[in-house]
Amino acid sequence: AQSNWRPQWQPDKSTKTCSTCSKRFNVLQRRHHCRHCGRVICGSCGKNKHRVSLLKFGYHEPVRVCVSCHERCTQAEELMAAISGNGFVALEALLDAGADPNFSTLVFTPFMHAAAKGHTKLMQLLGERGADTAYHVPPLDAPVQVECEGCKRRFSAPFNSKHTYACEGCNHATFEASEAHACVGMSALHAAAARGQTKACQWLLQVRERETERVTET
Numbered sequence: 025a026q027s028n029w030r031p032q033w034q035p036d037k038s039t040k041t042c043s044t045c046s047k048r049f050n051v052l053q054r055r056h057h058c059r060h061c062g063r064v065i066c067g068s069c070g071k072n073k074h075r076v077s078l079l080k081f082g083y084h085e086p087v088r089v090c091v092s093c094h095e096r097c098t099q100a101e102e103l104m105a106a107i108s109g110n111g112f113v114a115l116e117a118l119l120d121a122g123a124d125p126n127f128s129t130l131v132f133t134p135f136m137h138a139a140a141k142g143h144t145k146l147m148q149l150l151g152e153r154g155a156d157t158a159y160h161v162p163p164l165d166a167p168v169q170v171e172c173e174g175c176k177r178r179f180s181a182p183f184n185s186k187h188t189y190a191c192e193g194c195n196h197a198t199f200e201a202s203e204a205h206a207c208v209g210m211s212a213l214h215a216a217a218a219r220g221q222t223k224a225c226q227w228l229l230q231v232r233e234r235e236t237e238r239v240t241e242t
């Protein structure tokens, strides 16, 4: 699931063969890491066509991923495209084909994306297919990339909730809120409210009320 997914970095020195094709590594056959799952792969199994942007991990440029992760990420992108276009039939077909309703290469899950768009019918469909309607964007492992507003020096810094980072060179404080880090803690309700999607907000509040009543009754 999106909420628990983090790359499990496989140690490269102790890995003798590619995790995808089982080719042995040597001087010519170099090791590479899949930036999505963390497994060690060879150059052929992580070639240029197997590259995706993983905004949920702070990667803004396409990065190397293994074949299986590329297929999963491509399917996730198709899912998000169907939601963007309010395509109920297309979304249903992708879910029928096995697309994960909780998986995304972006910071928002498919359900959050549908909420931000105000597509309540798609939200209902995703909920029926197992989408986590209570998901909150977790803190990211990736550091924040900052360009100092004072001396223009670029540096990395651990995320902080105030989005303000002091430059070690000139001590100037710079505000930096990337899309990935600015969304930490957000839920589908936050996403819908931020876009002014009143009907989606009402739908989510009704769902929450029904869940609260169900818990109270038990």
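Taking the working numbering, I'd label the letters of the sequence shown as residues 25 to 242.
C-beta: ideal position from N, C-alpha, C; glycine also.
| query | result |
| --- | --- |
| Run the CB neighbour count on residue 194, radius 10 Å, all protein chains shown included, and call it buried at 16 or more, exposed below. | exposed |
| Could you give the C-beta distance for residue 143 and residue 107, rounded to a whole number, given that I count them as a contact under 8 Å? | 6 Å |
| Mapping the DSSP letters down to three states, classify residue 239 as helix, strand or coil. | helix |
| Taking 7 Å as the cut-off, decide whether the C-beta atoms of residue 129 and residue 76 are in contact. | yes |
| Pull up the distance between the alpha-carbon of residue 228 and that of residue 213, whole angstroms please. | 7 Å |
| Can you have a look at residue 218 and say buried or exposed, based on whether 16 or more other CB atoms are within 10 angstroms of its CB? | exposed |
| To which residues does DSSP link residue 188 through a beta bridge? | 199 |
| Between the Cα of residue 58 and the Cα atoms of 42, 189, 47, which residue gives the shortest distance? | 42 |
| If the criterion is Cβ atoms closer than 7 Å, does the pair residue 66 and residue 47 meet it? | yes |
| In the structure shown, what three-state DSSP assignment does residue 171 receive? | strand |
| One question on the structure: do residue 23 and residue 196 come within less than 7 Å of each other, judged by their Cβ atoms? | The requested residue 23 does not occur in the structure, where the chain is confined to residues 25 to 242. |
| Quick one, are the C-beta atoms of residue 215 and residue 140 less than 7 Å apart? | yes |
| Would you report the Cα separation of residue 52 and residue 62, rounded to the nearest angstrom? | 21 Å |
| Can you grab the Cα-Cα spacing for the pair residue 150 / residue 33, in whole Å? | 31 Å |
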